[in-house]
Every structure is written in C-alpha cells, then in structure tokens.
Amino acid sequence: MSSSLPRGFDDIQTVKSKPGRVANVIAVVVDALPPKLSGGDSYTSTFTLKDHDFSGETWNGLKIRYFQRCESDLPAPQQGDVVLLRQIKLRPYQGAVIGLCTQLDFSPWIIFRQGSNPKVSPQVIMCPGTRELMTTEKSYALSLIGAASTTATNNQPVQVRQTVAPAPPNPVITKPSIQRGRPKFSLIRDLSCGTFVDLVVQVVKTYAEDYQRFLLYVTDYTQNKQLFNYTAEEGGPRDGDVYGYTSRSRRTWPGPYGQMTLQVTLWEPHSYYARQNVKENDFVLLQNVNIKMGRVSGAMEGSLHTDRRFPEKVQVIPINDNDSDEDVKKLVKRKIDYWKRVKTENPGFRGNDINKRKATDNDEQQRCLTKAKKRQAEQNRKQEEKIKCDEDQPEIETSFQEKRDQLNAYIRANDPSVPCRSISDILSNESHMNISPDGIKYRLPFQNLRYKASVRVVDFFPPNIEDFSVQYDVERAMLSNTSDTEGSTSSIGDNETDSGKRWEWRFCLLVEDAGPGTHYNRSGPRERMKLYVGNNDAVFLLCLDAVNLRQNPAVLSDLREKLFILWGDLEERKRAINTAACNNNNNAGSNDDPNPDLNKQIIAASTKPFICCIKEFGVKSSLRSDEGSSANDECRFGWERRFLVLAFLG
C-alpha cells in the first residue's frame, strides 16, 4: 500500500506554520489526556500529534483540543493511536499553534487503534456524520501504526465502529437525505426564508467579519421587499462597526439602491477562498445558500456553511469573463438597464458602482505626483549621463562575454532542477509531429507544454511603457455573443458601464538565447521568439496591479523600476535610437542608416539574461491560411501558437 501523504492533507510542520487557517491532518498520538469536564458546561479532550520522531519530546508536536457539550462526541484517543482530523482550525496560543474545535465547529475525527494482537486488523472509530474513508487515507493511517502490511497479508477488513450520540431529551425530527438533481437557481426577487438556493450575482462590497467569517454583499439587480433598504448615504447595517464605537464615517453606498442587495455570510472553507479570490465587482456563483432572517438587521440574509458531507468543497465559484451562461448574460443586461434608468431619472448623477471609491485613492496618488515626477526626472538625468558616457567609450570587445552572460540574480523561476532548452528547440519541438491512423504525417498547431529557457530581452511592444496596461470591458465581453443585446449596449455611454471595466496588463517581450549555459549555439545567429505577458502572469512577474498608467505617475515610476531589473536600460537606449532616427530622417542630406545592425547591438548590449519558464498554448486564429501557403503554417487547423513568460522579480 502507498504510504505517501494523501491529497488535501498537510504534515505537522506545515500545519504549524498556518495559524488562522484550517487543515486536514493524519498523525500519531504521542500524548493524550482523558476527556474531562471543562470549567464551563462542556467537556474537553486534549492530545498531541506527531508524524515523525515519535520517541522524541512531545512539546514540538501539534496539540489538539476539542470542546463538546456531550462527552460521547469527543475523540478519546490513546497514546499510539493514529488520528485523522478534517477541517481543524489552527489558532495561535501562548506562542505556539494549536488545533481547536469548539462546540460551534464541526471538525470530523477518525481514530485508528491497534489491538494487543498485531495480526488482528486495527479498529477504526469514527465520529457521527463522518464520511467514508478514501483508500489513500486508510493506507497512510495504517502505515503509521505499522498495520498496512498485516492487513494486506491477512486480507482482513478493517473493523469500523461509529460512535453513537445519546438520544436528546426531546425528540428531534431530521429530514431524510435527498438526492439532489440540478442545482436550484433563484433570483433575489424570488427568495424566501428557510430555503437553500443557488445564486448568480455580482459582488457589491466585501467585509472580513473575523478570521472565520467573510461577508459578501451581492446583487442580481432584482428587488425583494424583505431585504435591507440601502440609500446612497449609508454603508449598510453592518459596515464593520455595529455599535458605532469609532467616529469614522461610513463609506457611501455604491449602489444599487433600494432593496436589491443581499448580505451573505461565508464560513470556512468558503470564507478563506473568497478572501483570496473574490473582490468587489466580481461576478460569482454561490451554491446552496441558506436564506434566513437576520437576527441583528431584521432583514433577509444568506449564509453559506461548511458542507458536512464534503467539508473541503468550496461553493463560491468566480464567473469567467467568457462564460456563455444565459443567467450571467441576463444579469449583465439587468445591470446595464438599471444604471441607464438611474442616469435618466437623475440627470446630475455621475458615475456608479464601486469605481467611485477610487476617487480617494486618486487623491492620494495626486499627492505623490510631485515626488514621482522628481524621482523620474532624476532617473532620466542619470540614464542620459550613462548613455552619453557609453557613447564616448570605445566599443568593448568580447573579452567581457562571460560577465555579459552572467544571469540576473533578481529574476527567479520555479523548478531549478529542470534544464534549459534553446529557443530553436522550443520552436521546432519534435513532439508536435504526429501520425494519423491513415499514416499521414502532420504537425500539431500547438500543445499545452511548459519549457525552461535562459533568455535576454532585446525589444518590447508596445513601444510606450504607458500602453502596457489596457482597459478591458468585462460586461461587454460577456454580452459579445448575444445578438439581442447589441442595440442596448451600443447606445450606452461610458459612464454607465464604468463598473464593468478594469485595467489589465497586456504587453509582449522579444527575447533571444543568452546566458552562461551551453544550451544554444554561441557562434551562429541566435533564435528569437515573442513572449506574451498576460494580466495574471504580469502581476506575478511585477507584483503590481494594472492601472491607468497615464493617470498614475507613481505606479508608472514603480513599473519602470521593475522593468529596469528585467531589461536594464533597454527603454532609454531604444528611446535614444528612435530620437536619432527621427533626426536623421529630418536631415535632408542623410536618408539612409549607415549601420542598420548597430541599433540591435546597442539594444542587446546592456540587458542581462535570466532564466524563466515558458508556457506554450493556442488561441483561435482570426486569419484563414491559404492553401499551400507556408507563411501561415502555424495557423493551420484554425489555431495559432503562442508563448507566455512565467518568472518572478524578487
């Protein structure tokens, strides 16, 4: 049997480095106290887990504490048992990290206990409501107590005993489990308390209630009289200061106004996922939301708890911009119609949605404007002096080839053990060749592959750094395939769809083989390729979010500093070359370039090589290749081959 850690589980050392999160653990009990009555009206069970060095000290293990009103619901492991815990919450306590399960939490546990006779299969004790064990989980647990080989030899089934909770004093009627068909979709206008529904909504506002709860204020632009009535001047019933302890004024409600917004409380694991992946103005699918009446607000609210059958399942699903679901398109249409109606009824209304909150950020950026301009002017002056000094110096021979090919220490790539490949090997990858069942040889237009290469940036596009970020209209992209919305969207002004627009990184690097390795031919011409940098990859590379660079000089200055690490003074040299070319063109006496290769040498001279990962993918081609045309070979089958760069500036 396999003794590797099952998927979704962490070792003790990793778990102890994740305070404030939840984790799944399988480990050996090295110390345990019997369940006892705590200081209150609940019982507690305490034990310590380790997954190695079992004979060592117990203080460096992971201490676990369970609290339950009923003693029979507590795990009662003994020293030497193996315990499996799901969704155990990790909290800092007296300088250490402990696993804690309170009466309000549900963290399933399973105990594997070896009897006195090693030939007998171990006993498995499970808490009520625990799902069945997976084969990998059982194998790993048995390997920890040395019972895996015994079980495999004797072929005896594992004895499973599920603890039974005592009957409550009053009979509790439980509904039988129902096999669900397709999810139950509902609009906000059709919601009623006591139901579980699926919602396709847009996030208006987010708020981190505490370490285990995360609030989403969502809307689908339909009205329900049981919801809280939001106006433009108020920030909602629970905007982080329920009792008004602080004097800070609440944020202006971004809209929609009236009874169109539902507050949904997310619990683990949904809350952790939403903190990392969901932001204001995103479109999301919320599954199995419990609709109920709020205790504090008195308005209808939603709640999304942990799935007891599948505790790791996340039911908060971000909606892709290219999603063709009809419910998403209808939501976008309702939003556009709503803001169009608001602007028509209120001629003085300017802007909408959460983009109005960026005004405060813009004010802060204006304060940094003078400082950023001074810093940029100083950088430009230093670069001009450097270029002038370089022009006065004689051309350096190739004696410094080793220093020039020294790798950039500030750029890192994953998987250091993977060898680099030359660009020519990547472009002519033999794995793209295929043979059909009829014996016909053909070349695949692309494959989803990853490579590693040592390259140097020799050019970039667009030529102006200010154009590295572009504005992308999410809502128009969602409606692009809907024919009946063309008329409505074409007549809408920019102000009414600002909330659906965002800035994304989008630029391209031209690179060539470089570096100290022998993965390419140094004596011959170096192959070049285009590396596209998409939004998410650019954020990973630059550690900067895309904004309007023409209106954010501080971010533009930070971007230039990041790119200087990537390609040295390539931008300044390229600008100087373009300026010289313009001067030559304006000079009537000289219309030709005396040395056309000099520009390339100057551009490539100062850029340091670096190692990066390259991702190959395909996009649908907008051009139809002519029959027998070799220029469009890569566009055959209607697909075009592209490459993305994956690296990190640190």
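Its first residue numbered 18, the sequence shown is counted upward by one per residue in my numbering. Glycine included, C-beta positions come from ideal geometry on N, C-alpha and C.
Just the Cα atoms here: how many angstroms apart are residue i and residue j?
{"i": "residue 668", "j": "residue 142", "result": "Here the chain has residues from 18 to 667 only, and residue 668 is not among them."}
{"i": "residue 230", "j": "residue 286", "result": "10 Å"}
{"i": "residue 128", "j": "residue 427", "result": "48 Å"}
{"i": "residue 714", "j": "residue 336", "result": "Since the first and last residues shown for the chain are 18 and 667, residue 714 lies out of range."}
{"i": "residue 482", "j": "residue 577", "result": "8 Å"}
{"i": "residue 448", "j": "residue 457", "result": "16 Å"}
{"i": "residue 632", "j": "residue 656", "result": "16 Å"}
{"i": "residue 530", "j": "residue 71", "result": "51 Å"}
{"i": "residue 348", "j": "residue 278", "result": "14 Å"}
{"i": "residue 593", "j": "residue 227", "result": "54 Å"}
{"i": "residue 183", "j": "residue 144", "result": "Summary for residue 183: the model assigns pLDDT 42, below 50, so the residue's position carries little reliability; its value from the coordinates is reported in the next sentence. Their Cα atoms are separated by approximately 13 Å."}
{"i": "residue 149", "j": "residue 28", "result": "21 Å"}
{"i": "residue 533", "j": "residue 487", "result": "36 Å"}
{"i": "residue 135", "j": "residue 429", "result": "51 Å"}
{"i": "residue 61", "j": "residue 201", "result": "40 Å"}
{"i": "residue 206", "j": "residue 629", "result": "51 Å"}
{"i": "residue 210", "j": "residue 330", "result": "24 Å"}
{"i": "residue 466", "j": "residue 587", "result": "30 Å"}
{"i": "residue 599", "j": "residue 438", "result": "39 Å"}
Grouping DSSP H, G and I as helix and E and B as strand, with all else coil, what is residue i?
{"i": "residue 277", "result": "coil"}
{"i": "residue 316", "result": "coil"}
{"i": "residue 270", "result": "coil"}
{"i": "residue 599", "result": "helix"}
{"i": "residue 70", "result": "coil"}
{"i": "residue 137", "result": "coil"}
{"i": "residue 349", "result": "helix"}
{"i": "residue 441", "result": "helix"}
{"i": "residue 293", "result": "helix"}
{"i": "residue 544", "result": "coil"}
{"i": "residue 173", "result": "Below a pLDDT of 50, predicted positions are generally treated as unreliable, and residue 173, at 44, falls in that range; no measurement from the model is reported."}
{"i": "residue 356", "result": "helix"}
{"i": "residue 336", "result": "coil"}
{"i": "residue 155", "result": "helix"}
{"i": "residue 331", "result": "coil"}
{"i": "residue 237", "result": "coil"}
{"i": "residue 395", "result": "helix"}
{"i": "residue 361", "result": "helix"}
{"i": "residue 594", "result": "helix"}
{"i": "residue 283", "result": "strand"}
Could you spell out the range, first to last residue, of the alpha helix (DSSP H) harbouring residue i?
{"i": "residue 149", "result": "That residue, residue 149, is in no alpha helix (DSSP H); it is neither H nor E in DSSP."}
{"i": "residue 127", "result": "Careful: residue 127 lies outside any alpha helix (DSSP H), inside the beta strand (DSSP E) at 126-130."}
{"i": "residue 93", "result": "Premise fails: residue 93 is in no alpha helix (DSSP H) and is neither H nor E."}
{"i": "residue 201", "result": "Unbroken run through residue 201: none, as it is neither H nor E."}
{"i": "residue 555", "result": "552-559"}
{"i": "residue 699", "result": "Residue 699 lies beyond the stretch modelled for the chain, which goes from 18 to 667, so this question has no answer here."}
{"i": "residue 570", "result": "570-584"}
{"i": "residue 493", "result": "491-495"}
Please say whether residue j and residue i have beta carbons closer to each other than 8 Å?
{"i": "residue 222", "j": "residue 297", "result": "yes"}
{"i": "residue 249", "j": "residue 274", "result": "yes"}
{"i": "residue 302", "j": "residue 353", "result": "no"}
{"i": "residue 40", "j": "residue 107", "result": "yes"}
{"i": "residue 351", "j": "residue 146", "result": "no"}
{"i": "residue 473", "j": "residue 528", "result": "yes"}
{"i": "residue 519", "j": "residue 491", "result": "yes"}
{"i": "residue 244", "j": "residue 276", "result": "yes"}
{"i": "residue 496", "j": "residue 346", "result": "yes"}
Within its chain, find whatever has a CB closer than 6 Å to the CB of residue i; leave out the 5 residues flanking it on each side and keep chain order.
{"i": "residue 443", "result": "468"}
{"i": "residue 65", "result": "47, 48, 75, 78, 80"}
{"i": "residue 584", "result": "474, 624"}
{"i": "residue 225", "result": "231"}
What residue does the beta strand (DSSP E) around residue i start on, and which one ends it?
{"i": "residue 471", "result": "466-478"}
{"i": "residue 52", "result": "39-54"}
{"i": "residue 63", "result": "60-67"}
{"i": "residue 521", "result": "518-522"}
{"i": "residue 17", "result": "No answer is possible for residue 17: it lies beyond the span of the chain, which begins at 18 and ends at 667."}
{"i": "residue 224", "result": "212-225"}
{"i": "residue 309", "result": "300-310"}
{"i": "residue 82", "result": "79-85"}
{"i": "residue 104", "result": "99-110"}
Is the beta carbon of residue i within less than 7 Å of some heavy atom of the ligand HEM?
{"i": "residue 283", "result": "What this structure holds is no ligand at all, so the ligand HEM is not there to describe."}
What residues in its chain sit with their C-beta under 7 Å from that of residue i, if we drop five residues either side in the sequence?
{"i": "residue 355", "result": "238, 273"}
{"i": "residue 158", "result": "43, 99, 101, 129"}
{"i": "residue 463", "result": "633, 634, 635, 656, 658"}
{"i": "residue 572", "result": "561, 564, 566"}
Using C-beta distances below 8 Å, list every residue in its chain close to residue i, excluding the 5 sequence neighbours before and after it, in chain order.
{"i": "residue 550", "result": "522, 523, 524, 525, 526, 558, 661, 662"}
{"i": "residue 151", "result": "23"}
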